[in-house]
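This report concerns only the one structure given below.
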Amino acid sequence: MEASQAQRLRHAIIGVGAGILNGHRPALALPIVDLVAASDINTTIGEQRADELQCAFYADYRQMLAETQPDVVVILTPPFLHASMVIESLRAGCHVLVEKPIALQVAEADEMVATAHRYKRVLGVVFQQRYRPEIMAARKLLQKGVLGKIQRVELIAVWTRPSFYYQMAPWRATWSGEGGGIVTNQASHNLDLLCHLLGSPRRVFAWTRNLLHQIETEDTVQAMLEWQDGALGMVHISSAEADDPEHLKIIGTRGSLEIGRGKLLAHTLDLDMSEYALTSREPYAQPVHHPYAITLEQGQGNHIAVYHDFHDAILHGSSDYADGVQACQELELANAMIYSSRCHCEVELPLNRQHYSSLLKDLQAQ
């Protein structure tokens, strides 16, 4: 039965034993969700979770797809399995919602997006932070042009992690398991917000470092970005520091935004800087600025919001959710940062897929 004709969409989960399941539980309880099956290679925890969710359990996800024929497949497995499982699920006729990052490298993501288009299925990626009230409000202000021409972007994000975190799963912070460390895991949320708010940069120069952790990959990244319209940006993201979780500042010719977790401050200038620079006779002053009143909508930036938009895309053709094409932008930026640091060069986007694939293959072999 086509999803558009169903009152409820039949869901199945691949990787139900994953810790991230807890984030999905409230969304799986939505009236439109009919959870029919779940699978996991860890049969002990998988069966336990399936019992809790009151659905059938399968040790083999392929058997589950064949026998249950769900409308939607939710994929919670480690990143190195995303590409193959997403493509198999799409070919089985299912819409797919996959946890971030969409894949290890953007060449895989391209194939996933192409497969979704070929089979006319919806491919969604879980970027719940897009639905934080301050992010939604900031995006509306930027779309209205309240800040004028964007000049500067500064992003600092800290995802403090002890060594124990990396020891919990052998695929974490490995080239074969995640295709990177902080850049491809936690930073994927921050890089997605950059692309969501400002579009994809055109040029990247980055330095990745392993400052504290005994891992294959990086725990810190510092990067300089340039956008097509000339805006410049700085990014610093680390799991090896203790600081505020996030600070994003956007400066334009007409005002500024400062975004933190749960807060948004905005100021506007009396005169656009492009005009002020030409007309002012005050050699050391700045144009007068004022606070800009903002009303934040209700919401928590959780998985429920992701599922709502994903279902709207399936049932009504809405395009407000984070689809595979948008997720490719974030992953391409992450891959570009790794490539820039490893090859000691400036990288122009779009990223050369073949060059990056060769680099990742070498890193995995080492």
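In this text, residue positions in the sequence shown follow this note's numbering: the first is 2, and each later residue adds one. Backbone N, C-alpha and C fix where the C-beta goes; we use that ideal spot for every residue, glycine too.
Buried or exposed by the 16-neighbour rule on C-beta atoms within 10 Å, applied to residue i
i	result
glutamate 3	At glutamate 3, the pLDDT of 44 sits below 50, so the modelled position is not reliable; the number obtained from the coordinates is stated separately. Exposed: under 16 other Cβ atoms inside 10 Å.
glycine 20	exposed
glycine 318	exposed
leucine 212	exposed
serine 240	buried
methionine 285	Per the sequence shown, the amino acid found at residue 285 is tyrosine instead of methionine. Counting Cβ neighbours within 10 Å, tyrosine 285 comes out exposed, since fewer than 16 surround it.
serine 342	buried
threonine 269	buried
alanine 67	exposed
Residue i to residue j span [Cα, whole Å]
i	j	result
leucine 297	glutamate 135	6 Å
alanine 115	alanine 294	42 Å
glycine 146	leucine 192	21 Å
methionine 338	aspartate 52	42 Å
leucine 334	serine 201	8 Å
alanine 314	serine 90	18 Å
glutamine 64	glutamine 215	39 Å
valine 159	isoleucine 103	22 Å
aspartate 72	arginine 11	5 Å
glutamate 259	arginine 153	12 Å
proline 27	valine 307	11 Å
glutamine 365	tyrosine 340	14 Å
arginine 210	arginine 262	25 Å
aspartate 310	alanine 328	15 Å
alanine 7	glutamine 70	In this predicted model, alanine 7 has a pLDDT of only 47, less than 50, meaning its place in the structure is not dependable; the value taken from the coordinates is given anyway. Going by the C-alpha atoms only, they are around 14 Å apart.
Sheet register partners of residue i (DSSP bridge)
i	result
leucine 148	Leucine 148 pairs with nothing; no bridge assigned.
threonine 269	Gly256 and His291
tryptophan 208	Gln223
isoleucine 157	His237 and His248
Start-to-end residues for the beta strand (DSSP E) that takes in residue i
i	result
methionine 86	Counting along the chain, methionine 86 falls outside any beta strand (DSSP E), though it belongs to the alpha helix (DSSP H) covering 83–92.
methionine 225	221–227
phenylalanine 58	57–59
valine 114	Taken as a continuous stretch (DSSP letters only), valine 114 belongs to no beta strand (DSSP E), being part of the alpha helix (DSSP H) at 107–119.
arginine 11	10–15
Element boundaries [alpha helix (DSSP H), containing residue i]
i	result
tyrosine 357	354–366
isoleucine 183	Per DSSP, isoleucine 183 belongs to no alpha helix (DSSP H) and is neither H nor E.
glycine 302	Looking at the DSSP string, glycine 302 is not in any alpha helix (DSSP H), and its letter there is neither H nor E.
alanine 38	That residue, alanine 38, is in no alpha helix (DSSP H); its beta strand (DSSP E) goes 34–40.
arginine 63	62–69
serine 201	Careful: serine 201 lies outside any alpha helix (DSSP H) and carries neither H nor E.
valine 326	325–344
C-beta neighbour in chain B for residue i, strict 8 Å
i	result
alanine 28	Among the protein chains of the structure shown there is no chain B, as only one such chain exists.
Cβ pair count under 8 Å reaching 3, the stretch 125–133 against the stretch 299–309: Three or more pairs of CB atoms, one per stretch, sit closer than 8 Å, so the stretch 125–133 contacts the stretch 299–309.
Stretch-stretch touch, CB-based, cutoff 8 Å, three pairs: the stretch 41–50 with the stretch 349–361: Not touching, per the Cβ criterion.
Touching by the beta-carbon criterion (3+ pairs, under 8 Å), the stretch 83–99 and the stretch 163–179: With the cut-off at 8 Å, the stretch 83–99 and the stretch 163–179 do not touch.
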